[in-house]
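In the numbering used here, the protein residues as written are 8 to 186.
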């Protein structure tokens, strides 16, 4: 099994179009912890002029996910089951920093928490997130991440649709052609 590569994860996360659009940046992730930053911009403000709660919720989800990525085998995939955020104090300028950590890592479920602070170090939000872990077994140790090949994306692992049953078997059923 390949060893976790923080630089690879940071490069991939920071290159995601959604992360770039939100103005977020993964600063570090290792040992079940992560740090992300987001600068408050006009486009991210709500009608009251403060950072939209959805941005803080996204930081909870992303910071726990990246903390979790740092302790999972490279062939594992994960998907968010739920996340919750408590908004403690409005933020209208500067940047916020999210400190995510893994609280519990089970065979198929992982739980983490995030504390988000403003530039003065004051807590502005706290959240938790639960993830479902897909332990996909594959020959070799290729990461379970999409690779670009000849101008299009190709799944590294067979059946990468996310529909997995027990022991990595697809749960898809064949259609009989009748309804």
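Idealized CB from N, CA, C, for every residue including glycine.
Determine the burial state of residue i: buried for a count of at least 16 other Cβ atoms within 10 Å of its Cβ, exposed for fewer.
i	result
residue 132	buried
residue 71	buried
residue 55	exposed
residue 62	buried
residue 50	exposed
Nearest-angstrom Cα distance between residue i and residue j?
i	j	result
residue 140	residue 107	17 Å
residue 11	residue 79	8 Å
residue 137	residue 92	12 Å
residue 18	residue 27	12 Å
residue 22	residue 16	10 Å
residue 115	residue 83	10 Å
residue 135	residue 119	6 Å
Relative to the C-alpha of residue i, which residue among the options is closest?
i	options	result
residue 76	41, 93, 21, 120	41
residue 14	27, 97, 134, 73	73
residue 20	49, 66, 82, 55	66
residue 39	135, 110, 122, 134	110
With a cut-off of 8 Å, do at least 3 Cβ pairs link the region 123 to 130 to the region 103 to 111?
-> In short, these stretches touch, since the Cβ pair count reaches three.
For the region 26 to 38 and the region 79 to 93, state whether three or more C-beta atom pairs, one from each stretch, are separated by less than 8 Å.
-> Because the criterion of three Cβ pairs below 8 Å is not met, the region 26 to 38 and the region 79 to 93 do not touch.
Take every Cβ of the region 45 to 65, pair it with every Cβ of the region 24 to 33, and state whether three or more of those distances are shorter than 8 Å.
-> Short answer: they touch.
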